[in-house]
Amino acid sequence: MPTGRLSAALSLRTFLEECMAEGDVVEINLEVDPHLESGAISRRAYETGSPMPLINNPRGKDGPEGLFRILGAPVGVRNDRETRYARFAKSIGLPSNATGHDIIQKLLASKKSKPVPSIEVHDAPLKEHKIFGDEIDLLKLPTPQNHARDGGRYFLTYGLHSVQTPDGKWVNWAITRCMVIGKRQLTGLVDVKQDIGTIWAMWKAQGKDTPWACALGVPPAAAVASGMPLPQFVNEPDYVGAITGVPVEVIKCETNDLVVPAQSEVVLEGTISANETAVEGPMGEYHGFIFPAKKSPQPIMTVNAITYRSNPIVPISVAGRAPDETHTVWALSICAEILDLLQQADLPITKAWCPYESQAIWYVVQVDRKRLVEMKTTPETFCRQLGEVVFSSKPGRFVPKIFVVGDNIDPSDLHEVVWAEATKSQPQDSDFFFVGNYPTYNLVPYATHGLNPHEPQAKVVRLCMLPAEFETLDRPWVEASFRASYPEEIKRTVLDNWRAYGFGEISSKQASHEHKAIEPSATSSTDGGDEKNPFLDPEVSEYWRQAYEKAQYESRHVFDPTLTWSEEEEKRLIRRLDWRICLWACVMFFGLQVDRGNLTQAVSDTFLEDLGLTTNDYNWGNTVFRLSFLLAELPSQLVSKKIGPDRWIPIQIVLWSVVAISQCALTDRRSFLVTRSLLGILEGGFIPDIVLWLSYFYTSKELPVRLSFFWTSLSVTTIVTSLLAFAIFHLSGVHGWAGWRWLFLIEGVITLSVGLGSFFMMPASVVQTKTWFRPNGWFSDREVSIAVNRVLRDDPSKGDMHNRQAITPRRLWNAATDYHLWPIYVIGFMAYIPQSPPNTYITLTLRSVGFSKFTTNLLAIPASVFHIITLLGLTQLSGWLNERTLVSMLQPIWTLPCIAALRFWPNVIDDAWGTYALVTVILSYPYCHAIVVGWTSRNSNSVGARSVSAALYNMSVQVGDIGAFFIYREDDKPKYRRGNTNLLIINIVVIFIFLGAKAYYVYQNKRRDRIWNAMTEEERNHYIKNTTDQGSNRLDFRFAH
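First residue of the sequence shown? That's 1 in full-length UniProt numbering, and the numbers climb one at a time after it.
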């Protein structure tokens, strides 16, 4: 049996144990009459938000172990605002404090997930007791009559029927009521428009009764799945697995081949007659009425066997005035379905909700106005399109009225919905009717007892928005309310002093709601929801809120612990971030690599000869560059943190591009070394600056993938500059200049244009994209809220400094002496040495084996192409496996046999094409740099430490590169036997360094787990609020590895 949170979704007994622990079950040991009294208790529990009544001694129960106890209000709502939807949440594997919108998104995500096939077991508590044939007497069981005017005693109101098609390919679990009419007979609704009726009709067409089973006290997730309007031919048992993430256990019936949940409490087995019917009804309905004349002939169900566990529990749903299971389960399931339909139709709908007060008749959808305005549509066209999608669908049969609201209205807040409808919906002009060939559900009272009960029933889309909301994002009004009429500091003052004014306590959730800006949170998510939200604990959220205020974090005004969003919203936002942020980061890296790497192309021309330089001079030039680059890393990072990377990076690019252009005028060794030093000083720190900037927008899991795009641009640059060099070298002799001079001039101008463009393309943060030249910004207010909160939930420490805050000497010292990051610095120092000399000398090597300067630059391209493929593949693999160390170790494993071949193959250099092939394979290695940079950022656990650690890691890489320049020496060429021996040894050592880092972080995490688990809850809360530990030294932080 699965353990943890999901066990409540897969076992009614565990579900009740957890609810009991939370005070949400009242056990009633007095004798209770199942005739009306049990129904009245349950109805009162629904209407008052009281705990579930577990009636242990209903009159007529067959002894202490026999049939059966009664559980009322199994998925009613609690009176506690924080855990209002706890019963439904637990039913599908969510925590008790999940919101209704979290539930919808979980259902939606489950529908999109791959089905998880059920597992058949051969024994279960369900088989402890068995009754067959004439031993069965349903009339003696404590089957409840829930309402005085119900047509009889209803055995199933919250369980499932199990049927399957004659070919056995479609197993359907469905909730539909059934009423006792005899010792072994029941009758119930078998609607041919629903799946159970469809399957019954298939058997009837063959002249056969339908094999049938009825399961009660089923796993909560199975009850939910059975009540959802899933597409035909979807097997509900597999959908239960999609909800819970694990297979649901099923067991075969005794008298037929049907399967039922193995964790059921009671199962009835038998058949549904193809021809015999009996009068069924009436019964209290979801709309809150009973119509005594509402009776109909329905097929008779004959019971041939009953199996049950000891002292079983039968949940009942006493339908009527909201909220009961017909509203909590059924209506929200419909919400999930129509939200999915609308989003598949690419309509800008972010949320769907059914206000319980509407008795599952009103459905409210929320519009993403930014996308709506971009559509350039009219209110009528939009509402017609929306209504057509919903009303023509299977779930649309149950949806008579849709209300459309803007993204400043929370559909789950009826107070806001009524405000929008009353003030923005214009009678007649805002109503769009749909009459005709649309599926309808005639249980709605006005459909059968209204003014025109015999006419086709109209459906309506009611627009609760003004026309201006379709045309512009700038509303011509301002909301007059606490949340919108006052500056943030005033609202915070009022909330902080609320008790001091003499008012009562204000809950954290209420305070968060009232403190929201004019665009409140609107959508929900499993990804942006509770399972990844460390701020659900009010004490934790308050601690971080104060930390963000103290740091004057630039995005603190949109910090919202209760904000939820959909998976689709987050994916759409990430795509926009990739387009706006990551793409330009790659463009800027292209500018860096053009000027940093074109020396490799220059030496394939007459560069060394024209300046009178030797190979050792070339090495010294690279060394001076790397050393200058190294020394500038940390100062550059400190400047960037002080004035902001959005300002410093463009300045860097413009300055170094000027120096890069000046290289076209080099005359000798001295000028060569001076320009190399200046380039290193100005380019130093660029990479950690970019990494810090990207970390403002992406989570720790997303960052390595974006960095892989970033470093992919290195290889793209190599390809582009190789082609450029091939073309530019044809200018050799123009105006008396060698080709390499034209190369430095033209490519320097390219970088200068990138630097100038960066002043306009780098926002300081996601909340600062609006400026004088970009008045509308890049993101809507809602997207800004999602972007900020998703990053903070991934790493709350990303808000402990603002983006123009200098790093103090103390922060610098703490970050530099954080020995927990030293294993990664050692990796940076050693891991890239084995590949560096072959990469640096590729053009010289190819020239030495006889290729021309034009051919040499073209032959460098394939390695760059393969390098892109392996880099992206390695980084994606790391993300999929959530594994950094072992995946990164594939880099030295790749290069080990290649370097061994360089050292021991006798035909190196002598065989031109063989040497080229070998070097190409080496330089196609899967580059782990993106993974390790993201790893460094993740393990830093604070903005201050992250900015320093990024610089220190990159410095360690530069130190390694400097050392690598002296491995291939003049006296060792052309085969560099001694140098390749050293590379082989280093490569082997790198593998063991990775393994050592893995072992270190595993040990540290286990040590912290022991300490943390030994602390009481109070001690943990005290630690979180009062500890002076920072960054990776916090006991509640675990290292990635």
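Ideal Cβ positions, reconstructed from N, Cα and C, are used throughout, including at glycine. Please read all numbers here as calculations on a predicted model, not as lab measurements.
(1) Using only alpha-carbon positions, find the residue among L54, W693, I338 that is nearest to S317.
(2) Would you say P58 and P142 are within 7 Å of each other, going by their C-beta atoms?
(3) Helix, strand or coil: how does DSSP classify A174 here?
(4) Rounded to whole angstroms, what is the Cα-Cα separation between M228 and S333?
(5) Within the same chain, show all residues whose beta-carbon is closer than 8 Å to that of D429, passing over the 5 residues directly before and after it, in chain order.
(6) Per the DSSP calculation, F431 is bridged to which residue(s)?
(7) For V32, does the count of other Cβ atoms within 10 angstroms reach 16, so buried, or fall short, so exposed?
(8) Is there contact here, the segment 200 to 208 with the segment 264 to 275, by at least three beta-carbon pairs under 8 Å?
(9) May I ask whether a heavy atom of the ligand ADP can be found less than 6 Å away from the beta carbon of F403?
(10) By how many angstroms is the C-alpha of A215 removed from the C-alpha of N172?
(11) Note down the Cα distance separating R596 from I103, rounded to an integer number of angstroms.
(12) May I have the straight-line CA-CA distance separating I306 from D781, to the nearest angstrom?
(13) Taking the Cβ atom as the reference point for each residue, do Q145 and H35 lie within a distance shorter than 7 Å?
(14) Since I believe A174 is in contact with residue 1088 (beta carbons under 8 Å), could you give me their beta-carbon distance rounded to a whole number of angstroms?
(15) Quick check: the Cα distance between A816 and T981, rounded to an integer number of angstroms?
(16) So, does the segment 406 to 416 touch the segment 336 to 355, judging by three or more C-beta pairs under 8 Å?
(17) Taking the DSSP output, what are the residues bridged to L216?
(18) Which residues bound the beta strand (DSSP E) around T350?
(19) Among S708, T1027, R149, K571, whose alpha-carbon lies nearest the alpha-carbon of residue 1044?
(20) Check whether the segment 760 to 771 and the segment 639 to 651 touch, using three or more Cβ-Cβ pairs below 8 Å as the test.
(21) Assuming G684 contacts A602 under a Cβ cut-off of 8 Å, what Cβ separation, rounded to an integer in Å, is found between them?
(22) To the nearest angstrom, report how far apart S1032 and F155 are at their CA atoms.
(23) If I measure Cβ to Cβ from F994 and keep anything under 7 Å in the same chain, skipping five residues before and after, which residues do I get?
(24) For G49 versus V77, is the C-beta distance shorter than 7 Å?
(25) Note down, in chain order, each residue of its chain lying with its Cβ closer than 7 Å to the Cβ of I986, except the 5 sequence neighbours on either side.
(26) In whole angstroms, what separates the C-alpha of T936 from that of I338?
(27) Looking at the structure shown, is G188 part of a helix, part of a strand, or coil, going by DSSP?
(28) Specify, as a first and last residue, the run of the alpha helix (DSSP H) that W1012 falls within.
(29) Within 10 angstroms of the Cβ of E549, are there 16 or more other Cβ atoms? Answer buried if so, exposed if not.
(30) Please state whether the Cβ-Cβ distance between I70 and V218 is less than 7 Å.
(31) Whose C-alpha, out of E568, R371, D137, E488, is nearest the C-alpha of D340?
(32) The alpha helix (DSSP H) that contains E1018, what's its start and end?
(33) Please determine, among L872, N776, Y696, the residue with the shortest C-alpha to C-alpha distance to I786.
(34) Quick check: residue 1065 and R397, are their CB atoms within less than 7 Å of each other?
(35) With a CB to CB cut of under 8 Å and the five nearest residues on each side skipped, what residues in its chain are close to K295?
(36) Note down, one range per segment and in chain order, each alpha helix (DSSP H) of at least 4 residues found wholly within the segment 905 to 946.
If we stick to the structure as given:
(1) In the sequence shown, residue 317 corresponds to position 317, counting from 1. Per the Cα distances, L54.
(2) Sequence index remark: in the sequence shown, residue 58 carries index 58 (1-based). Sequence index remark: in the sequence shown, residue 142 carries index 142 (1-based). For P58 and P142, yes; Cβs fall inside 7 Å.
(3) The sequence position of residue 174 within the sequence shown is 174, counting from 1. Strand.
(4) The residue you call residue 228 lines up with position 228 of the sequence shown. The residue you call residue 333 lines up with position 333 of the sequence shown. Answer to the nearest angstrom: the Cα atoms are 5 Å apart.
(5) Locating residue 429 in the sequence shown gives position 429, counting from the first residue. Around D429: no qualifying Cβ.
(6) Looking up residue 431 in the sequence shown gives position 431. According to the sequence shown, residue 431 is Asp rather than Phe. Answer is R462.
(7) The count along the sequence shown starts at 1 and reaches residue 32 at position 32. The residue in question, V32, is buried, as its Cβ has 16 or more Cβ neighbours within 10 Å.
(8) yes
(9) Within the structure as shown, the ligand ADP is missing, as the structure has no ligands at all.
(10) In the sequence shown, counting from the first residue as 1, residue 172 sits at position 172. In the sequence shown, counting from the first residue as 1, residue 215 sits at position 215. Computed Cα separation, rounded: 13 Å.
(11) Taking the first residue of the sequence shown as position 1, residue 596 is located at position 596. Taking the first residue of the sequence shown as position 1, residue 103 is located at position 103. Between R596 and I103, the C-alpha separation is close to 52 Å.
(12) Counted from its first residue, the sequence shown places residue 306 at position 306. Counted from its first residue, the sequence shown places residue 781 at position 781. Cα-Cα distance, rounded: 58 Å.
(13) Here the question's residue 145 lines up with position 145 in the sequence shown. Here the question's residue 35 lines up with position 35 in the sequence shown. Taking 7 Å as the Cβ cut-off, Q145 and H35 qualify as a contacting pair.
(14) The first residue shown for the chain is 1 and the last is 1041, placing residue 1088 beyond what the model contains.
(15) What you label residue 816 is simply residue 816 of the sequence shown in a count that begins at 1. What you label residue 981 is simply residue 981 of the sequence shown in a count that begins at 1. Rounded to the nearest angstrom, the two C-alpha atoms are 34 Å apart.
(16) Yes, the segment 406 to 416 is in contact with the segment 336 to 355.
(17) Numbered from 1 along the sequence shown, position 216 holds the residue referred to as residue 216. Answer is G159, V266.
(18) Working through the sequence shown from its first residue, we reach residue 350 at position 350. Its beta strand (DSSP E) spans residues 349 to 353.
(19) The first residue shown for the chain is 1 and the last is 1041, placing residue 1044 beyond what the model contains.
(20) yes
(21) In the sequence shown, residue 684 corresponds to position 684, counting from 1. In the sequence shown, residue 602 corresponds to position 602, counting from 1. With a Cβ gap of about 21 Å, G684 and A602 do not count as contacting.
(22) Here residue 1032 refers to the residue found at position 1032 when the sequence shown is read from its first residue. Here residue 155 refers to the residue found at position 155 when the sequence shown is read from its first residue. Whole-angstrom Cα-Cα distance: 58 Å.
(23) As a position in the sequence shown, residue 994 is number 994, starting the count at 1. Closer than 7 Å at Cβ, skipping near neighbours: I827, T885, S888, M889.
(24) Walking along the sequence shown from the start, residue 49 turns up at place 49. Walking along the sequence shown from the start, residue 77 turns up at place 77. In contact: G49 and V77 (Cβ atoms closer than 7 Å).
(25) On the sequence shown, residue 986 is found 986 positions in, with the first residue counted as 1. The beta carbon of I986 lies closer than 7 Å to those of M830, I833, P834 in the same chain, with the five residues before and after it left out.
(26) Indexing the sequence shown from 1 puts residue 936 at position 936. Indexing the sequence shown from 1 puts residue 338 at position 338. Distance from the CA of T936 to the CA of I338, rounded to the nearest whole angstrom, comes to 43 Å.
(27) Taking the sequence shown and counting its residues from 1, one reaches residue 188 at position 188. Strand, per DSSP.
(28) Residue mapping note: residue 1012 aligns to position 1012 of the sequence shown, counting from 1. Residues 977 to 1014.
(29) As a first step, residue 549 is located in the sequence shown; it is residue number 549 there, counting from the start. Burial call: exposed.
(30) Looking up residue 70 in the sequence shown gives position 70. Looking up residue 218 in the sequence shown gives position 218. Contact flag unset, no.
(31) Residue mapping note: residue 340 aligns to position 340 of the sequence shown, counting from 1. Of the candidates E568, R371, D137, E488, the one whose C-alpha sits nearest the C-alpha of D340 is E568.
(32) Locating residue 1018 in the sequence shown gives position 1018, counting from the first residue. Its alpha helix (DSSP H) spans residues 1017 to 1026.
(33) Sequence index remark: in the sequence shown, residue 786 carries index 786 (1-based). For I786, the closest alpha carbon among the candidates L872, N776, Y696 is that of Y696.
(34) Absent from the model: residue 1065. The displayed extent of the chain is 1 to 1041, so no value can be given.
(35) As a position in the sequence shown, residue 295 is number 295, starting the count at 1. The beta carbon of K295 is closer than 8 Å to those of G151, V279, E280, G281, P282 in its chain, skipping five residues each way along the sequence.
(36) 912 to 923, 929 to 940
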